[in-house]
Amino acid sequence: MNTTMAVADEERAKKQGIRRAILGFVLVMIALTFFSNTLLSLSLAEVTVEQAAAGILSHEVSGSGTVEAAQTADLYVETNWAVQEVRVEVGDKIKAGQELAVLKTREAEDSLKDNEARYEQKQLSLQKLQDSYAEAIRSADDKQLRNIARDIETTKLDMQILERQNANSRRQLAEFSRITAPVAGIVTEVNAIKGAPVQSGKAAVRIADLSKGLKLKATIASVKAQYVNTGDETELIFSALNNARIIATVIDIRDAVSSSGASASSGQERKELTFLLHDERLKGGETGEFNIVKKTSTFRALLPSDAIREDDQGKYILIVKEKKGPLGSEYAAQRASVQTGDADDSKTSIDNGVTPLDKVIVSSSKPVADGERVLLTD
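So the sequence shown is numbered by the UniProt record's numbering: it starts at 1 and just counts up by one.
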C-alpha cells in the first residue's frame with residue numbers, strides 16, 4: 001500500500017515537472033519572440049505618412065532689383081570746348097529748361113569772327129574779279145577771260161566752304177555754349193568737369209525723366225517666369241524707405257543676358273522681368289524686393305513633393321501597408337507608380353496612382369525600399 005502511494009506521488013511529480021518545463025519553454029519562446037521583435041523594431045526605419053488630399057498650388061516668384069529711370073535724357077556735346085562751370089550734382093531734382101553747365105566759347109567765338117572776316121574778304125575779291133572780267137570782255141582778251149573765270153569760280157567755292165563753316169559754328173555756339181535740361185527730372189550722371197572738355201562718347205549730363213516713371217529689372221529662373229505675365233501688378237518693398245510698399249506693373253519679360261553678353265547657358269536659363277512704377281519718393285538706385293503669388297485651381301490629389309521618388313521605371317511613391325501578426329500590426333513599404341502634374345515649391349499634384357486612403361511615406365529616418373518593414377510614427 002505504501003509502495004503504491006509512493007509510486008503515484010512520483011508519477012504526479014514527474015507530470016508536474018513536465019508541465020513546468022513546457023510552461024517555462026513557452027514563456028522563454030514568447031520572451032525571445034518579443035525581444036527579437038523589439039530588437040527588429042529598433043532597427044526599422046521610422047516613417048511619417050500623409051494621405052493625398054484635394055487642394056490648390058501656390059506658385060511664388062520672388063526676386064529683387066535696382067530702381068532706374070524708365071527713360072533718360074542724355075545730353076552730349078559735339079565740341080571739345082572746356083567746361084567753364086557745372087551747376088548741378090548727381091541727385092539734384094531739376095526743371096525743364098534749367099541751366100546745367102556752361103562751356104568756354106571765347107576761342108570758338110573768335111574763330112567765327114575770323115571766318116566771317118575772311119568771307120567778307122572773299123566777297124571783295126569776287127567783286128574785283130567780276131570787274132576785271134567785264135574789262136576783259138571789252139578788250140576781247142579770251143585768255144584773260146578764261147583765267148578770270150577760273151578765279152571767280154575758285155573764289156565762289158571758297159566762300160561756300162566758309163559759309164558752311166560759319167553756319168556750323170553759329171549752330172554749335174547756340175546749342176552747346178550752355179547745357180540746359182530738356183525735361184524735368186533727376187540728375188543721375190555728371191561727366192562735365194570744370195576746366196576740361198567732356199570726354200568723347202560720354203553724356204555731359206544724364207537726366208532721369210520722372211514724367212516717364214521708373215523701372216526695376218530683376219532676373220528669375222525661366223521655370224518661374226511661366227507664372228508671370230505682362231500687366232501683372234505686385235508690390236515692391238523698399239527697405240531704404242522704411243519697408244514702403246509701392247505698386248508696380250510688369251511691362252516686359254525677356255531672356256536674360258549674362259555678363260558676357262550671351263544668353264545664359266542650358267540648365268541655367270534666366271528671364272528678365274521689368275517693372276514700371278511711379279513714386280515721388282524714389283530717385284533711382286534703391287533696391288526693391290517682390291514676391292508674386294499665383295494660385296491654381298483645385299487639384300484632386302496633392303502630396304508633399306518629398307514623397308515623389310523616381311527610378312529607371314519612372315516616378316513612384318511608397319505606400320505603407322498593414323499586416324496583422326501574432327504580436328500586433330506590422331507595416332511594410334509598397335511601391336506604387338504615379339503620374340504627376342503641376343507642382344509648386346512644396347506640393348505636387350498626382351494625376352493617377354494614389355487614392356485618398358493610401359498612407360504615403362513622406363519622410364523616413366533612413367532610406368526605405370519596396371517591401372521593407374517600417375515603423376510608423378505619428
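For every residue, glycine included, the Cβ atom is placed at its ideal position computed from N, Cα and C.
Exposure of residue i, with buried meaning 16 or more beta-carbon neighbours within 10 Å
i	result
residue 137	exposed
residue 43	exposed
residue 53	exposed
residue 143	exposed
residue 349	buried
residue 293	exposed
residue 129	buried
residue 124	exposed
residue 206	buried
residue 169	buried
residue 117	exposed
residue 312	exposed
residue 330	buried
residue 306	exposed
residue 257	exposed
residue 157	exposed
residue 223	exposed
residue 364	buried
residue 298	exposed
residue 247	exposed
residue 366	exposed
residue 75	buried
For residue i, three-class secondary structure by DSSP
i	result
residue 139	helix
residue 333	strand
residue 271	strand
residue 57	coil
residue 376	strand
residue 172	helix
residue 306	helix
residue 158	helix
residue 109	helix
residue 132	helix
residue 365	coil
residue 297	coil
residue 82	strand
residue 324	strand
residue 263	Confidence in residue 263 is poor, its pLDDT being 45 and thus under 50, which makes the residue's placement unreliable; the coordinate value appears in the next sentence. Strand, per DSSP.
residue 349	strand
residue 153	helix
residue 212	helix
residue 217	strand
residue 68	strand
residue 40	Note that residue 40 scores a pLDDT of 48, beneath 50, so its modelled location is shaky and nothing firm can be said.
residue 390	This structure gives no information on residue 390, because the portion of the chain shown stretches from 1 to 378.
residue 122	helix
residue 370	coil
residue 144	helix
Segment limits, beta strand (DSSP E) that includes residue i
i	result
residue 222	Per DSSP, residue 222 belongs to no beta strand (DSSP E); it is in the alpha helix (DSSP H), 222-225.
residue 46	45-50
residue 278	From DSSP, residue 278 is part of no beta strand (DSSP E); its letter is neither H nor E.
residue 207	205-209
residue 190	185-190
residue 255	244-255
residue 341	339-343
residue 193	Premise fails: residue 193 is in no beta strand (DSSP E) and is neither H nor E.
residue 72	72-75
residue 230	Segment: none, residue 230 is in no beta strand (DSSP E) and carries neither H nor E.
Nearest-angstrom Cβ-Cβ length linking residue i and residue j, presumed shorter than 8 Å
i	j	result
residue 181	residue 94	5 Å
residue 64	residue 218	6 Å
residue 188	residue 101	That pair is no contact at about 15 Å.
residue 352	residue 338	7 Å
residue 253	residue 61	No, residue 253 and residue 61 are not in contact; Cβ-Cβ is about 11 Å, not under 8 Å.
residue 245	residue 235	4 Å
residue 126	residue 148	Actually they do not touch by this definition, with Cβ atoms about 11 Å apart.
residue 103	residue 82	7 Å
residue 304	residue 239	Between residue 239 and residue 304 the Cβ distance is about 33 Å, and since that is not below 8 Å, they are no contact.
residue 177	residue 105	5 Å
residue 273	residue 228	6 Å
residue 276	residue 251	5 Å
residue 210	residue 184	6 Å
Residues sharing a beta bridge with residue i, DSSP
i	result
residue 314	311
residue 62	291
residue 356	In DSSP, residue 356 forms no bridge with anything.
residue 180	99
residue 89	BP columns for residue 89 are empty, so no partner.
residue 236	246, 290
residue 319	334, 360
residue 94	185
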